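S.K.: Sharing a structure, written as structure tokens. Questions coming.
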Amino acid sequence: MKSLKWTWAAAAAVALTVSGCSSNNNNNEPAASSSGSADAGQTASATQSASASASTALPEPAKIRIFTENNTAWPPKPDWGVWKWVKEETNIDVEQVLATGPESLALAVSSGDMPDVLSVFPNDVQKFGSQGAFEDLSKHMDQMPNVKAFLDSHPDVMSRVVSPNGEIFSIINDGAGEGSQMVWFYRDDIFKKNNLEVPKTWDELYTVAKKLKEIYPDSYPFLFRHGLSTLDTFGPSFDIYPEFYQDPADPTKMKFGLEDPNAKTMVEWLNKFVKEKLIPPDWLTMDYKAWTQFMSTNKAFVTVQFIGQIEIMNSQLTDGHLQFMAPPIGSGDKPYLPKGGQEGYGLAVASTSKNKDAAYRYLDYIFSEKGKDIQSWGKEGETYTTVDGKRKFNDNYKEANDLRVISGIQTAATYGWFDFNAWLSLVKPEEQYAYVEAPKYRFPVAYSRPNLTSDEAATLSTANDQLWKFWTGEVTKFINGDRPMSEWDAFIKELGKHDLEKVRTTYQTALDRQLANTK
6 MKSLKWTWAA AAAVALTVSG CSSNNNNNEP AASSSGSADA GQTASATQSA
56 SASASTALPE PAKIRIFTEN NTAWPPKPDW GVWKWVKEET NIDVEQVLAT
106 GPESLALAVS SGDMPDVLSV FPNDVQKFGS QGAFEDLSKH MDQMPNVKAF
156 LDSHPDVMSR VVSPNGEIFS IINDGAGEGS QMVWFYRDDI FKKNNLEVPK
206 TWDELYTVAK KLKEIYPDSY PFLFRHGLST LDTFGPSFDI YPEFYQDPAD
256 PTKMKFGLED PNAKTMVEWL NKFVKEKLIP PDWLTMDYKA WTQFMSTNKA
306 FVTVQFIGQI EIMNSQLTDG HLQFMAPPIG SGDKPYLPKG GQEGYGLAVA
356 STSKNKDAAY RYLDYIFSEK GKDIQSWGKE GETYTTVDGK RKFNDNYKEA
406 NDLRVISGIQ TAATYGWFDF NAWLSLVKPE EQYAYVEAPK YRFPVAYSRP
456 NLTSDEAATL STANDQLWKF WTGEVTKFIN GDRPMSEWDA FIKELGKHDL
506 EKVRTTYQTA LDRQLANTK
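Going by our numbering, 120 is the number at position 115 of the sequence shown; the sequence numbering is gapless.
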């Protein structure tokens with residue numbers, strides 16, 4: 006199902022841009038730093054954690070194996086600080102079992118000798134959890150009170166981890182996903198130079214793009230590089246997502262966004278931009294390298310991209326500057342971005358593990374307030390100092406990515422609940438604005454779907470694929486002018502010939518079940 010592949014790509018982007026949970030980057034898009042508020046959380050709580058640690062007797066020593074990434078950008082080290090802190094706080098020694106390729110998890114499962122704890126994506130969980138490979142963690146919450154408290158206070162995470170039958174086969178990480186947020190930004194220096202106002206609506210976006218085209222005739226003022234999946238970002242400006250999602254007006258109902266009249270308005274605008282050469286003709290296939298070239302050579306001035314790209318591009322621009330901009334309103338009266346910030350990676354416990362008690366102890370630590378603090382910041386005097394009540398990482402951490410390289414902070418399986426303020430503290434102060442502003446514009450609901458049973462997924466596999474191929478093909482034609490907008494209503498009716506109702510009914514059943522399971 007292609008729409009879920011988009012969601013999967015977004016999850017991978019979280020991993021690449023923020024958590025570093027994948028060694029593959031087909032777009033060669035560099036990792037970015039990210040977070041939300043530099044001052045929050047930088048208090049003296051570490052001192053309290055340290056004193057609590059010293060006064061609390063540790064449990065019996067244990068050892069667990071953890072299946073995790075092997076990323077060449079931050080090569081795993083057994084002596085990383087994150088593992089030392091785990092030992093100090095839980096009395097657990099950790100041995101890393103590194104993935105060697107995309108089939109590593111499947112091979113580990115089939116071997117019968119799985120590591121005790123495994124880093125997994127949601128589709129891994131859907132595939133192997135129902136086969137009995139992973140422990141049902143819902144049965145062991147008495148051993149993991151911190152995990153239970155975390156899930157109780159994070160209903161969005163809870164809804165994503167509960168299986169159709171009510172099991173919990175993994176706990177999804179949280180807190181380090183801000184870098185997955187797609188945002189709008191613009192060349193504020195060019196706007197200032199030409200006395201242009203920042204557009205607040207799509208009508209104003211069109212007007213300013215026309216003006217920029219006049220001033221810079223060889224430019225394409227409006228640029229994006231994720232092809233048709235960029236509709237996921239544009240959609241909230243028009244109060245929709247393109248495919249299935251929970252209806253913000255009634256979150257108990259599934260909605261197919263293209264049926265909303267606002268979807269037609271969105272596509273009409275894009276058609277107009279393409280027709281008047283305000284968007285590059287190769288918008289559907291543009292890659293990261295081409296996008297970078299446009300943005301760095303005065304060939305484009307307004308764009309949407311992952312939030313961390315603002316800082317990356319500003320470091321490359323020798324004569325220019327990019328700044329976050331509020332999303333322009335397309336329909337309605339509120340400017341919206343997609344509801345981002347979610348992570349894709351989670352942690353499961355092998356059903357074959359002989360060290361389950363230690364595995365549960367590990368999860369309970371990394372999802373605790375104390376574990377969040379230590380696994381995000383390290384320890385005072387070791388990784389940071391506190392000056393005037395504010396934390397400051399030691400000088401050897403010169404940029405955010407050094408947290409991973411030097412200490413393993415924010416690498417796969419080393420944390421459960423992350424304090425993003427640790428990451429933000431190493432982002433240049435002038436680049437923190439976007440991370441503070443972006444959360445103000447999030448759409449009320451995430452672009453996600455309820456979990457299906459194996460039978461439901463198998464039943465919908467072909468229907469989903471056919472529906473996706475049909476609507477993406479036709480919408481591309483509308484945008485490029487190969488099909489007139491006068492045929493939009495006919496297109497909406499044609500969706501019914503591609504199992505739209507079958508897919509909708511199945512997802513509605515899944516949503517009803519999910520809501521019942523997470524009450």
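Ideal Cβ placement from N, Cα and C applies to all residues, glycine included. The structure presented is a predicted model; accordingly, all values stated were derived computationally and were not measured.
If we ignore side chains and look at the alpha-carbon of each, how far apart do ASP517 and THR257 end up?
M.R.: If you number the sequence shown from 1, residue 517 lands on position 512. If you number the sequence shown from 1, residue 257 lands on position 252. Looking at the two C-alpha atoms, the distance is approximately 7 Å.
S.K.: Within its chain, find whatever has a CB closer than 8 Å to the CB of GLN321; leave out the 5 residues flanking it on each side and keep chain order.
M.R.: Counted from its first residue, the sequence shown places residue 321 at position 316. Counting only Cβ-Cβ distances below 8 Å, and skipping sequence neighbours, we find THR297, SER301.
S.K.: Only counting runs of 4 or more residues, tell me where the alpha helix (DSSP H) segments fall wholly within the stretch 308 to 381, in order along the chain.
M.R.: The qualifying runs are 314 to 321, 361 to 371.
S.K.: Where do the ends of the beta strand (DSSP E) carrying ARG396 lie?
M.R.: Residue 396 sits at position 391 when you count from the first residue of the sequence shown. Per DSSP, ARG396 belongs to the beta strand (DSSP E) from 395 to 398.
S.K.: If we ignore side chains and look at the alpha-carbon of each, how far apart do PHE372 and TRP493 end up?
M.R.: In the sequence shown, residue 372 corresponds to position 367, counting from 1. In the sequence shown, residue 493 corresponds to position 488, counting from 1. Each residue's Cα considered, the two are about 48 Å apart.
S.K.: In the DSSP assignment, the alpha helix (DSSP H) including THR467 goes from what residue to what residue?
M.R.: By 1-based counting over the sequence shown, the position of residue 467 is 462. Run containing THR467: 459 to 485, per the alpha helix (DSSP H) assignment.
S.K.: Measure the beta-carbon distance from TRP207 to SER242 and round it to whole angstroms, keeping in mind my assumption that it falls under 8 Å.
M.R.: Counting from one through the sequence shown, the residue named residue 207 turns up at place 202. Counting from one through the sequence shown, the residue named residue 242 turns up at place 237. Between SER242 and TRP207 the Cβ distance is about 7 Å, and since that is below 8 Å, they are a contact.
S.K.: Cα-Cα, which of GLY325, TYR420, GLU273, GLY337 is closest to ASP194?
M.R.: The sequence position of residue 194 within the sequence shown is 189, counting from 1. The candidate whose alpha carbon is nearest that of ASP194 is GLY325.
S.K.: Residue range of the alpha helix (DSSP H) that ILE497 falls in?
M.R.: Here residue 497 corresponds to residue number 492 of the sequence shown, with the count starting at 1. 493 to 500 is the span of the alpha helix (DSSP H), which, as asked, contains ILE497.
S.K.: Based on the DSSP secondary-structure assignment, which residues constitute the bridge partners of GLN251?
M.R.: The count along the sequence shown starts at 1 and reaches residue 251 at position 246. Partner(s): MET259.
S.K.: For the alpha helix (DSSP H) holding ARG70, just list the boundary residues, first then last.
M.R.: One-based indexing of the sequence shown puts residue 70 at position 65. No alpha helix (DSSP H) holds ARG70; the beta strand (DSSP E) holding it covers 67 to 73.
S.K.: Might you give, ordered along the chain, the residues of its own chain that have their beta carbon closer than 8 Å to the beta carbon of ASN75, omitting 5 neighbours on each side?
M.R.: For the purposes of this step, residue 75 is identified with residue 70 of the sequence shown, where counting begins at 1. Closer than 8 Å at Cβ, skipping near neighbours: SER28, PRO81, LEU103, ALA104, THR105.
S.K.: Might you give, ordered along the chain, the residues of its own chain that have their beta carbon closer than 8 Å to the beta carbon of LYS68, omitting 5 neighbours on each side?
M.R.: Counting from 1 along the sequence shown, the entry for residue 68 is found at position 63. For LYS68, where only same-chain residues beyond five positions count, the Cβ hits under 8 Å are ILE97, ASP98, VAL99, GLU100, ASN360, ALA363.
S.K.: Spatial neighbours of VAL125 within its chain, please: CB distance less than 6 Å, with the 5 preceding and 5 following residues excluded, ordered by chain position.
M.R.: Taking the first residue of the sequence shown as position 1, residue 125 is located at position 120. Only SER175, GLY351, ALA353 meet the Cβ criterion.
S.K.: Among GLN513, LYS89, ALA78, GLU183, which has the Cα closest to the Cα of ASP444?
M.R.: Position 439 of the sequence shown holds residue 444. According to the sequence as given, residue 444 is Pro; it is not Asp. When only C-alpha atoms are compared, the closest one is GLU183.
S.K.: Would you mind working out which of GLU140, GLN148, SER466, LYS216 sits nearest ALA355, comparing C-alpha positions?
M.R.: One-based indexing of the sequence shown puts residue 355 at position 350. For ALA355, the nearest C-alpha among the options comes from GLU140.
S.K.: With respect to the alpha helix (DSSP H) encompassing TRP90, which residues constitute its N-terminal and C-terminal limits?
M.R.: For this step, residue 90 is matched to residue 85 along the sequence shown. Its alpha helix (DSSP H) spans residues 86 to 95.
S.K.: Give the DSSP-derived three-state secondary structure of ALA57 in the structure shown.
M.R.: In the sequence shown, residue 57 corresponds to position 52, counting from 1. Residue confidence for ALA57 is low, a pLDDT of 44 falling below 50, so the modelled location carries little weight and cannot support an answer.
S.K.: Could you tell me the alpha carbon to alpha carbon distance between TRP476 and ASP118, rounded to whole angstroms?
M.R.: Position 471 of the sequence shown holds residue 476. Position 113 of the sequence shown holds residue 118. Approximately 44 Å, taken between the alpha carbons.
S.K.: Around the Cβ of LYS403, are there at least 16 other Cβ atoms within 10 angstroms (buried) or fewer (exposed)?
M.R.: Numbered from its first residue, the sequence shown carries residue 403 at position 398. With fewer than 16 other Cβ atoms within 10 Å, it is exposed.
S.K.: Pick helix, strand or coil for GLY117, following the three-state DSSP scheme.
M.R.: By 1-based counting over the sequence shown, the position of residue 117 is 112. Residue state, collapsed to three classes: coil.
S.K.: Which residues in the same chain as ILE245 place their Cβ atom closer than 7 Å to its Cβ, once the five residues preceding and following it in sequence are excluded?
M.R.: Counting from one through the sequence shown, the residue named residue 245 turns up at place 240. Counting only Cβ-Cβ distances below 7 Å, and skipping sequence neighbours, we find GLY262, ASP265, ASN267, ALA268.
S.K.: Between the C-alpha atoms of PHE196 and MET271, what's the straight-line distance to the nearest angstrom?
M.R.: Locating residue 196 in the sequence shown gives position 191, where the first residue counts as 1. Locating residue 271 in the sequence shown gives position 266, where the first residue counts as 1. So the two alpha carbons sit approximately 24 Å from each other.
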